[in-house]
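Peer 1: I am attaching a structure below and will ask some questions about it afterwards.
Okay, here's the thing in structure tokens:
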């Protein structure tokens with residue numbers, strides 16, 4: 607018994623050392639590094655970087671080292687500083703040869719973000735399908751929730767906690783007619799009333815076929831989205847931006863990033879490999895270009911994509927922004943689970 611107690615004590619001490627020593631070393635030696643605010647400017651044809659120095663002074667410059675004042679940056683990034691330019695009566699009539707108005711800019715501006723902790727989080731399997739063609743201007747949350755089973759889709763009335771057999775059968779039949787194979791492997795929607803319109807869900811079936819599902823006037827709308835040959839989708843994201851130009855985004859098994867247009871057509875972007883389970887993705891989009899920030903465990907990559915065909919315009923990288931000390935850990939920024947990991 608004494609021998610067992612000693613062994614247990616030594617094992618506990620070893621685990622604590624492997625766990626706490628790297629953490630203490632990192633806490634005492636590593637300094638947090640923050641990537642400077644970086645945005646691509648179609649006016650300049652380069653990235654504009656805003657950084658705070660040790661004296662709390664802001665510096666604004668491009669990748670070639672040219673410096674700019676705040677007023678100059680306002681004009682270089684008219685989509686970002688549209689309100690300031692309008693207030694100063696400095697908003698241009700044309701940008702990059704195109705006639706624009708502040709309303710055009712505000713309509714096409716958007717922000718998108720995907721983080722691993724949200725992708726890797728446990729899923730409830732319950733979803734809310736809103737009415738996309740309501741007679742009212744404001745959207746309304748539904749009185750039921752739905753889930754996918756091996757045999758179909760089930761709508762559950764929340765007030766009684768009973769299955770709505772008629773609605774479930776109606777939607778199941780429509781999905782089957784369109785070639786949907788149950789159960790669903792992934793679904794992406796945005797069930798909130800704080801948006802201009804509703805596009806329902808992008809759903810991957812058991813065979814990883816991509817479908818668009820929504821409710822229109824109480825009836826199911828189901829559309830099979832055609833995929834390029836050999837493309838196997840893994841993750842989808844509904845967008846519902848104000849411009850209504852895109853329906854969503856898709857990432858395939860090879861980590862290629864696709865844009866799903868509002869008509870259901872797909873365009874492969876020039877964005878290099880993106881793994882939603884490990885990488886953080888942020889997009890600042892406007893009518894001229896996208897500034898895409900792809901963050902890995904160590905580096906931050908910036909890509910400027912053309913807003914028309916999503917081709918690559920320019921790229922920039924901040925290397926070794928984050929360093930970690932090898933050791934035992936029980937938590938990770940990539941998920942919300944508590945488990946031992948090295």
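Numbering (my numbering), first residue to last: 607 to 948.
Glycine residues also receive a C-beta, built at the ideal position from the N, C-alpha and C atoms.
State the start and end residues of the unbroken beta strand (DSSP E) segment that holds residue 901.
Peer 2: 895-901
Peer 1: Which of helix, strand or coil does DSSP assign to residue 649?
Peer 2: coil
Peer 1: Residues in the same chain with beta-carbon distance under 7 Å from residue 838, minus the five sequence neighbours each way, listed in chain order, please.
Peer 2: 814, 858, 859
Peer 1: Residue 884 by DSSP, collapsed to three states: which one?
Peer 2: coil
Peer 1: Quick check: the Cα distance between residue 724 and residue 909, rounded to an integer number of angstroms?
Peer 2: 23 Å
Peer 1: Over what stretch of residues does the beta strand (DSSP E) that includes residue 859 continue unbroken?
Peer 2: Here residue 859 belongs to no beta strand (DSSP E), and DSSP marks it neither H nor E.
Peer 1: When burial is assigned at 16 or more other CB atoms within 10 Å of the CB, is residue 717 buried or exposed?
Peer 2: exposed
Peer 1: The alpha helix (DSSP H) with residue 723 in it runs from where to where?
Peer 2: 722-725
Peer 1: Would residue 796 count as contacting chain B if we go by Cβ distances under 8 Å?
Peer 2: Although the question refers to chain B, the structure presented lacks it and comprises just one protein chain.
Peer 1: With DSSP collapsed to three states, give me the class of residue 708.
Peer 2: helix
Peer 1: Can you tell me the Cα-Cα spacing of residue 663 and residue 643, whole angstroms?
Peer 2: Taking the Cα positions, residue 663 is about 14 Å away from residue 643.
Peer 1: Would you check if there are 3 or more beta carbon pairs closer than 8 Å linking the segment 691-704 to the segment 675-683?
Peer 2: yes
Peer 1: Who does residue 795 pair with in a DSSP beta bridge?
Peer 2: 807
Peer 1: Could you have a look at residue 613 and say whether DSSP puts it in helix, strand or coil?
Peer 2: helix
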